[in-house]
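**Student:** Quick one: structure below, then a few questions.
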Amino acid sequence: MPHASPLRLAAAGRIAHLLANDLTQPVAPSVTQFVTQMVGTARPMGVLFYGSVLREPDPEGILDFYVIVERLADWGAGYMAREANRLLPPNVEYHEITVDGRVMRAKVAILSIVQFRRMTGQATLDTTVWARFCQPVRLVWVQGPEAADAILACIIRAVAQAGRWAAALGPERGTADDFWLALFAHTYGAELRVENGRRPRTLLDGAETRYRALLPDIWTAEGLAFDQDGTTLIPHLAPTQRRSLQDGWWLRGRLGRVLNVSRLFKAAFTFEGGARYIAWKIRRHSGIELPLGPFSERHPLICLPYLLWKLRQAGLFRRRG
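So my numbering is basically just the index in the sequence shown, starting at one, shifted up by 2.
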């Protein structure tokens, strides 16, 4: 931040301190044990824990992790999977591990540090990664201090990205909550996520103090002028500047939907353990066991018509009452 004013430097320092504190908050011992077993002999730079189970612990829920590696070859995946991850990151895996006699489950995304840095930067057209990592996250496994610093730098970039877009996509004046809610409504829309209308609100619930502290500091650190009247924030965006930024979001929103469809197609070939994940979801919500063969285990989306037929035979789609 060359030639930054003392105010901007102070705001940047507060952001870094808050996010470092986020990363180092303790998690349940079972989560640490799960990650230790999952990592095994691999040497990723770090493992980040985020998502709904972090926000609201659920013994039966799915844990969400991002594994950050220096090189994609550092994580145990085949050549084709690595190439697919290089072209359209991230790859996603499903893991089931027994911890203290209880089966725990997780979705695990894999990114290289170069991809992580690029996908949290200002130039990216992909909203997927920075939208996740402007939210609270824990660093539950780390290779060492240098790796921790590199990961923290990406988290800071993600938060800065989110704050900039919140100013452009939020109201002309409003509370910090108003700006964050507007941002998350747009990021969910860009990802074609199947969520109810209250979902953005759940991201703030219990973390309002964090988000309220972050937004004015982000704007200050980024050099975005604003006024503050009590809890009301008024960013100084000229109409032409706001319109230009919103036009930029239009492109990101359209591209986000294309990327999500592309990732679903890619998952047909690269979602390691995806069939077990689908089978668990069905068993959890319906009690129906979905039989899996070797091919459907490896390629659940290719076999989706067959799996749907098996579910119909098992009575999943019969009307009740």
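Cβ atoms here follow ideal geometry from the backbone N, Cα and C, with glycine treated the same way.
If you draw a straight line from the C-alpha of A223 to the C-alpha of E85, how long is it?
**Tutor:** 37 Å
**Student:** Between the Cα of E62 and the Cα atoms of G225, R201 and V101, which residue gives the shortest distance?
**Tutor:** V101
**Student:** Could you spell out the range, first to last residue, of the alpha helix (DSSP H) harbouring P46?
**Tutor:** From DSSP, P46 is part of no alpha helix (DSSP H); its letter is neither H nor E.
**Student:** By the three-class DSSP mapping on this structure, what secondary structure does H381 have?
**Tutor:** The question about residue 381 has no answer here: the residues shown for the chain are numbered 3 through 323.
**Student:** Let me know the secondary structure DSSP gives W167 once reduced to three states.
**Tutor:** helix
**Student:** Quick check on the DSSP output: the beta strand (DSSP E) that includes D231 runs from which residue to which?
**Tutor:** F228 to D231
**Student:** Output the distance between the C-alpha atoms of L56 and Q248, rounded to the nearest integer angstrom.
**Tutor:** 31 Å
**Student:** For a test of the three-state rule: what should DSSP assign to S32, helix, strand or coil?
**Tutor:** In the three-state DSSP reduction, S32 falls in the helix class (H, G or I).
**Student:** Assuming A170 and L239 make a contact with CB atoms under 8 Å, what is their CB distance in whole Å?
**Tutor:** 7 Å
**Student:** Measure the Cβ-Cβ separation of V142 and T34 and say whether it is below 8 Å.
**Tutor:** yes
**Student:** Nearest-angstrom Cα distance between D76 and P46?
**Tutor:** 7 Å
**Student:** Less than 8 Å between the beta carbons of I236 and R166, yes or no?
**Tutor:** In terms of Cβ geometry, I236 and R166 do not form a close pair [threshold 8 Å].
**Student:** Do you know how far the Cα of Q163 is from the Cα of G123?
**Tutor:** 7 Å
**Student:** So what does DSSP say about V144, is it helix, strand or coil?
**Tutor:** strand
**Student:** In the DSSP assignment, find the unbroken beta strand (DSSP E) run with R107 in it and report its ends.
**Tutor:** From DSSP, the beta strand (DSSP E) with R107 extends over R104 to S114.
**Student:** Do you know whose CA, among L74, T130, G15 and V94, lies nearest L257's CA?
**Tutor:** T130
**Student:** Note the first and the last residue of the continuous beta strand (DSSP E) segment covering D66.
**Tutor:** I64 to V71
**Student:** So the candidates are G172, F67 and R244; which of them puts its Cα closest to the Cα of N93?
**Tutor:** F67
**Student:** Rounded to a whole number of angstroms, what is the C-alpha to C-alpha distance between W252 and A155?
**Tutor:** About 27 Å.
**Student:** Let me know if N87 comes out buried or exposed under the rule of 16 or more other beta-carbons within 10 Å of its beta-carbon.
**Tutor:** buried
**Student:** From which residue to which residue does the alpha helix (DSSP H) around V101 run?
**Tutor:** No alpha helix (DSSP H) contains V101, which is instead part of the beta strand (DSSP E) from N93 to V101.
**Student:** Is A150 closer than 8 Å to G15 when the C-beta atoms are compared?
**Tutor:** no
**Student:** Looking at the unbroken alpha helix (DSSP H) that takes in D76, where does it start and where does it end?
**Tutor:** Counting along the chain, D76 falls outside any alpha helix (DSSP H), and DSSP gives it neither H nor E.
**Student:** What's the call for T211, buried or exposed, on a 16-neighbour Cβ count within 10 Å?
**Tutor:** exposed
**Student:** Whole angstroms are fine: how far does the CA of I220 sit from the CA of R159?
**Tutor:** 10 Å
**Student:** Do the CB positions of A152 and I112 come within less than 8 Å of each other?
**Tutor:** no
**Student:** So, is Q243 buried or exposed, given that buried needs 16 or more other C-beta atoms within 10 angstroms?
**Tutor:** exposed
**Student:** Sorted by chain position, which residues of the same chain lie with C-beta nearer than 7 Å to T234's C-beta, five sequence neighbours on each side aside?
**Tutor:** For T234, where only same-chain residues beyond five positions count, the Cβ hits under 7 Å are R175, G176 and T177.
**Student:** Expressed to the nearest angstrom, what Euclidean distance is found between the alpha-carbon atoms of G208 and L9?
**Tutor:** 28 Å
**Student:** Rounded to a whole number of angstroms, what is the C-alpha to C-alpha distance between F181 and A168?
**Tutor:** 5 Å
**Student:** For S264, which residues in the same chain have their Cβ closer than 7 Å to its Cβ, ignoring the five residues on either side in sequence?
**Tutor:** L90
**Student:** Would DSSP call G176 helix, strand or coil?
**Tutor:** strand
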